[in-house]
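Notes follow once the structure below has been shown.
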Amino acid sequence: MILTIATTPFEGQKPGTSGLRKKVPVFQQPHYAENFIQSIFDSLEGFAGETLVIGGDGRYYNQHVIQTAIRMAAANGFGRVMVGQNGLLSTPAASHLIRKYRAFGGIILSASHNPGGPDGDFGIKYNAGNGGPAPEKLTDAIYARTRDISSYRITTSPDIDLNRIGETALGGMVVQVVDPVADYAALMQSLFDFEAIRDLIRSGFTMKFDAMGAITGPYAQRIFEGMLGLPKGTVMNGTPLPDFGGHHPDPNLVHAKELVDIVMPPGGPDFGAASDGDGDRNLIIGRGMYVTPSDSLAILAANATLTPGYAKGIAGIARSMPTSCAADRVAAKLGIGAYETPTGWKFFGNLLDAGKATLCGEESFGTGSNHVREKDGLWAVLMWLNILAKRRQSVAEIVTEHWRDYGRNFYSRHDYEEVDLEAANGLMKALRDKLPDLVGKHGIATADDFAYDDPVDGSRTTHQGIRLIFADGSRIIYRLSGTGTAGATLRVYIERYEPDTGRHGIETQQALADLITLSRSIAEIEQRTGRSAPTVIT
Numbered sequence: 003m004i005l006t007i008a009t010t011p012f013e014g015q016k017p018g019t020s021g022l023r024k025k026v027p028v029f030q031q032p033h034y035a036e037n038f039i040q041s042i043f044d045s046l047e048g049f050a051g052e053t054l055v056i057g058g059d060g061r062y063y064n065q066h067v068i069q070t071a072i073r074m075a076a077a078n079g080f081g082r083v084m085v086g087q088n089g090l091l092s093t094p095a096a097s098h099l100i101r102k103y104r105a106f107g108g109i110i111l112s113a114s115h116n117p118g119g120p121d122g123d124f125g126i127k128y129n130a131g132n133g134g135p136a137p138e139k140l141t142d143a144i145y146a147r148t149r150d151i152s153s154y155r156i157t158t159s160p161d162i163d164l165n166r167i168g169e170t171a172l173g174g175m176v177v178q179v180v181d182p183v184a185d186y187a188a189l190m191q192s193l194f195d196f197e198a199i200r201d202l203i204r205s206g207f208t209m210k211f212d213a214m215g216a217i218t219g220p221y222a223q224r225i226f227e228g229m230l231g232l233p234k235g236t237v238m239n240g241t242p243l244p245d246f247g248g249h250h251p252d253p254n255l256v257h258a259k260e261l262v263d264i265v266m267p268p269g270g271p272d273f274g275a276a277s278d279g280d281g282d283r284n285l286i287i288g289r290g291m292y293v294t295p296s297d298s299l300a301i302l303a304a305n306a307t308l309t310p311g312y313a314k315g316i317a318g319i320a321r322s323m324p325t326s327c328a329a330d331r332v333a334a335k336l337g338i339g340a341y342e343t344p345t346g347w348k349f350f351g352n353l354l355d356a357g358k359a360t361l362c363g364e365e366s367f368g369t370g371s372n373h374v375r376e377k378d379g380l381w382a383v384l385m386w387l388n389i390l391a392k393r394r395q396s397v398a399e400i401v402t403e404h405w406r407d408y409g410r411n412f413y414s415r416h417d418y419e420e421v422d423l424e425a426a427n428g429l430m431k432a433l434r435d436k437l438p439d440l441v442g443k444h445g446i447a448t449a450d451d452f453a454y455d456d457p458v459d460g461s462r463t464t465h466q467g468i469r470l471i472f473a474d475g476s477r478i479i480y481r482l483s484g485t486g487t488a489g490a491t492l493r494v495y496i497e498r499y500e501p502d503t504g505r506h507g508i509e510t511q512q513a514l515a516d517l518i519t520l521s522r523s524i525a526e527i528e529q530r531t532g533r534s535a536p537t538v539i540t
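Structure, rendered in structure tokens:
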């Protein structure tokens, strides 16, 4: 039976860079999740009888909202729902399912790299038919609908058994529970030389992968320990848990310290990697060598032709504006397009769909390609393994050779988390107001508020971060993150290009010390936020 339930709007259901994210208790309010899901459906057209993909990262409250979303999809006229077994589906795997089975779109339940548990974070986002995050035009429509919604539609059916693979009728809709790993693993096998990687492993190569108690555990165990033959135990924290086993599933040097302490010292494994809550981010380290996400994108692009999926070359490279310019230097040498977009994977979608870019990356540990329309953590790990298998060099040797050939972009991000929102907005406004006066001071050649003109559809996106670009190519970037759930996160990005190989071994914070000091004084960070130091430095 289909019910129409009366409701009233909630304040603040505005999607950020990747969906709506709030604390779990917020989503647990009666009608809260239903309002947002119905607002998604009300903003779409032409989906009657079509397929909807639904899945999540296994975090607390996922199972409940998945059942709700299934019942609402049936009540709103979808013909089929594809859902991962036990409700599990990594974000890149969901994107692949949407594309492979020509689904109308998908609902992904995740707050990505944010903590889980009863007091943790939760999120809902919609992905369009190309497999990528909803464009701003659609998220704006969804938000507008949340502000005047008066009812939602849902069936009275019992919960679907998500443990059993197979099909179940739900009124006029079919619910298909699928193996969450199989299609994704087959895609990876089509892109990379698994036999070459197996040869590398047989030669004595060792690695550790930290799934951080999140979604990539089953994927990593199937691919790394099963298909590639790495020993059991290669995958750490491989069981997805509602609270991620207490981990903060953000694969950086701070939150993946357990992995870093294993791999970085002399005598550690040859290679280490980690992924985040929903599987779309990655950390790459080798014995004694941390690879920044910016360098990783550049190195993958420079070596892409070593892999079967990219053997014919790549069309272009896209990076988010705060990501270092290292990839631009590779694009210039290859004679291909280099694109600078706002933060948010949705901005890469048009470039990928139009064939202008093949590889994309963000400094926030996200890398991917045109194989899906999301960033993809395990894809990046497998591409590194393929390159290591072909080059038969260590991670450190590959990175230092890249710096020798292209120069080194020293790069760091300083995060000030859960800053008072009013204070953060005031800081950004004050910076914008002083931009004209900064040019010519401290060696600053350009000072602007980044705006992006999409080369495919001509759309313009403004206020995407404040850029201070120095005459020598150094940069300081300021922006407020759209992925947090409490207060505001001020992100400050500091970059300096160094062509002199004799200086490539300097510690990053030392190499950037003067720019770091300048970044804090120009923005008056301590005076305006009360923070004398960042929460996290990566």
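The sequence shown begins at 3 in our numbering and counts up one residue at a time.
The beta-carbon is built from N, C-alpha and C at its ideal position, and this holds for glycine as well.
Predicted model, so just to flag it, every value in this text is computed and none were measured.
Check this for me: beta carbons of T464 and A453, under 8 Å apart or not?
To locate residue 464, count along the sequence shown from 1; it is residue 462. To locate residue 453, count along the sequence shown from 1; it is residue 451. Their beta carbons are under 8 Å apart, which means T464 touches A453 by this criterion.
On the premise that P253 lies in contact with R61, defined as a C-beta separation below 8 Å, what is that separation, rounded to the nearest angstrom?
The residue you call residue 61 lines up with position 59 of the sequence shown. The residue you call residue 253 lines up with position 251 of the sequence shown. Not confirmed; about 16 Å, so no contact.
How far does the alpha helix (DSSP H) with E424 in it extend, from its first residue to its last?
One-based indexing of the sequence shown puts residue 424 at position 422. Run containing E424: L423 to L440, per the alpha helix (DSSP H) assignment.
I think R149 touches M74, with their Cβ atoms under 8 Å apart; what is that distance to the nearest whole Å?
Within the sequence shown, numbered from 1, the residue matching residue 149 stands at position 147. Within the sequence shown, numbered from 1, the residue matching residue 74 stands at position 72. Wrong, their Cβ atoms sit about 19 Å apart, outside the cutoff.
Can you tell me which of the three DSSP states K210 falls into?
Numbered from 1 along the sequence shown, position 208 holds the residue referred to as residue 210. In the structure shown, K210 sits in a strand (DSSP, three-state: E or B).
Start and end residues, beta strand (DSSP E) containing K234:
One-based indexing of the sequence shown puts residue 234 at position 232. Where K234 is concerned, there is no enclosing beta strand (DSSP E), because DSSP gives it neither an H nor an E.
Counting only the same chain and skipping the five closest in sequence on each side, list residues whose C-beta sits under 8 Å from that of P137.
As a first step, residue 137 must be located in the sequence shown, where it is residue number 135. Once the five neighbours on either side are set aside, the close Cβ partners of P137 are A130, K348 and G351.
Have a look at E342 and H257 and give me their C-alpha separation to the nearest angstrom.
Taking the sequence shown and counting its residues from 1, one reaches residue 342 at position 340. Taking the sequence shown and counting its residues from 1, one reaches residue 257 at position 255. Each residue's alpha carbon lies about 28 Å from the other.
E197: first and last residue of the uninterrupted alpha helix (DSSP H) it sits in:
Locating residue 197 in the sequence shown gives position 195, counting from the first residue. First-last of the alpha helix (DSSP H) with E197: F196 to R204.
Could you give the DSSP three-state label for T491: helix, strand or coil?
To locate residue 491, count along the sequence shown from 1; it is residue 489. Residue state, collapsed to three classes: strand.
Secondary structure of M175, DSSP reduced to three states
Within the sequence shown, the letter at position 173 stands for residue 175. Reduced to three states, the DSSP call for M175 is strand.
Looking at C-alpha atoms only, which residue of P324, A300 and A184 is the closest neighbour of I316?
As a first step, residue 316 must be located in the sequence shown, where it is residue number 314. With distances taken between CA atoms, I316 lies nearest to A300 out of P324, A300 and A184.
Within-8 Å CB hit, S326 to chain C:
Within the model displayed, chain C is absent; a lone protein chain is all it includes.
First through last residue of the alpha helix (DSSP H) which encompasses G351
Translated into the one-based positions of the sequence shown, residue 351 becomes position 349. Looking at the DSSP string, the run of the alpha helix (DSSP H) that includes G351 is G351 to D355.
So, with DSSP's three-state summary, where would you put P135?
Reading the sequence shown from its first residue, position 133 is the one you call residue 135. The answer is strand: DSSP assigns P135 an E or B state.
How would you label A535, buried or exposed, when you count the other beta carbons within 10 angstroms and need 16 or more for buried?
Counting from 1 along the sequence shown, the entry for residue 535 is found at position 533. So A535 counts as exposed.
Nearest-angstrom Cα separation, counted from Q466 out to D455
Sequence index remark: in the sequence shown, residue 455 carries index 453 (1-based). Sequence index remark: in the sequence shown, residue 466 carries index 464 (1-based). Just so you know, the alpha carbons of D455 and Q466 end up roughly 12 Å apart.
Boundaries of the alpha helix (DSSP H) in which T53 is found, first to last residue
Here residue 53 corresponds to residue number 51 of the sequence shown, with the count starting at 1. From DSSP, T53 is part of no alpha helix (DSSP H) but of the beta strand (DSSP E) over T53 to G58.
Given a threshold of 16 other Cβ atoms within 10 Å of its Cβ, counted over all protein chains shown, does E528 qualify as buried or as exposed?
The sequence position of residue 528 within the sequence shown is 526, counting from 1. Result: exposed.
Using only CA atoms, which one of G219, D355, G51 and F124 lies nearest to A76?
Start at 1 with the first residue of the sequence shown, and residue 76 comes out as number 74. It is G51.
How would you call T369, buried or exposed, if buried means at least 16 neighbouring beta carbons within 10 angstroms?
The residue given as residue 369 occupies position 367 in the sequence shown. Answer is buried; the Cβ neighbour count reaches 16.
Leaving aside the five residues before and after G86 along the sequence, list all residues of the same chain whose C-beta is less than 6 Å from its C-beta, in chain order.
By one-based count along the sequence shown, residue 86 stands at place 84. So the list reads G57 and P182, once near-sequence residues are dropped.
With distances taken from CA atoms, which of G311, H444 and V458 is nearest F194?
For the purposes of this step, residue 194 is taken as the residue at position 192 of the sequence shown. Put simply, of G311, H444 and V458 the residue whose alpha carbon is nearest the alpha carbon of F194 is G311.
Using a Cβ-Cβ cut-off of 7 Å (strictly less than) and excluding sequence neighbours within five positions of F106, which residues of its own chain qualify?
One-based indexing of the sequence shown puts residue 106 at position 104. The answer, listed in chain order, is F49, E52, T53, L54 and G131.
How is the beta strand (DSSP E) around M291 delimited, first residue to last?
Stepping through the sequence shown from its first residue, residue 291 is reached at position 289. M291 to V293 is the span of the beta strand (DSSP E), which, as asked, contains M291.
Candidates N88, N239 and L361: closest to P295 by CA position:
As a first step, residue 295 is located in the sequence shown; it is residue number 293 there, counting from the start. Comparing Cα positions, the closest option is L361.
Could you give the first and the last residue of the continuous alpha helix (DSSP H) run that contains Y408?
Walking along the sequence shown from the start, residue 408 turns up at place 406. For Y408, the enclosing alpha helix (DSSP H) starts and ends at V397 to Y408.
To the nearest angstrom, how far is it from the Cα of D272 to the Cα of D435?
Locating residue 272 in the sequence shown gives position 270, where the first residue counts as 1. Locating residue 435 in the sequence shown gives position 433, where the first residue counts as 1. So the two alpha carbons sit approximately 49 Å from each other.
Would the beta-carbon of Q40 fall within 8 Å of that of I203?
The sequence position of residue 40 within the sequence shown is 38, counting from 1. The sequence position of residue 203 within the sequence shown is 201, counting from 1. Not in contact: Q40 and I203 (Cβ atoms no closer than 8 Å).
Counting C-beta neighbours from all protein chains within 10 Å, is the total for N165 16 or more, i.e. buried, or is it exposed?
Counting from one through the sequence shown, the residue named residue 165 turns up at place 163. It counts as exposed.
Can you tell me where the beta strand (DSSP E) with T6 in it begins and where it stops?
Here residue 6 refers to the residue found at position 4 of the sequence shown. Note, T6: beta strand (DSSP E), I4 to A8.
Candidates R23, N427, R393 and G219: which alpha carbon is nearest Y480's?
Walking along the sequence shown from the start, residue 480 turns up at place 478. Closest by alpha carbon: N427.
Cutoff 8 Å; reference L255; Cβ partners in own chain excluding five residues on either side:
Taking the first residue of the sequence shown as position 1, residue 255 is located at position 253. Excluding positions up to five away in sequence, the list reads V262, L285, Y292 and T540.
What does the Cβ neighbour count give for S461, buried or exposed, with the cut at 16 atoms within 10 Å?
The sequence position of residue 461 within the sequence shown is 459, counting from 1. That one is exposed.
Thinking C-alpha only, which one of K25, M3 and Q31 is nearest F12?
One-based indexing of the sequence shown puts residue 12 at position 10. Looking at the Cα atoms, Q31 is the closest of the given residues.
Quick one: is the Cβ of T236 within less than 7 Å of any heavy atom of the ligand GTP?
With respect to small molecules bound, the structure shown includes none, and the ligand GTP cannot be examined in it.
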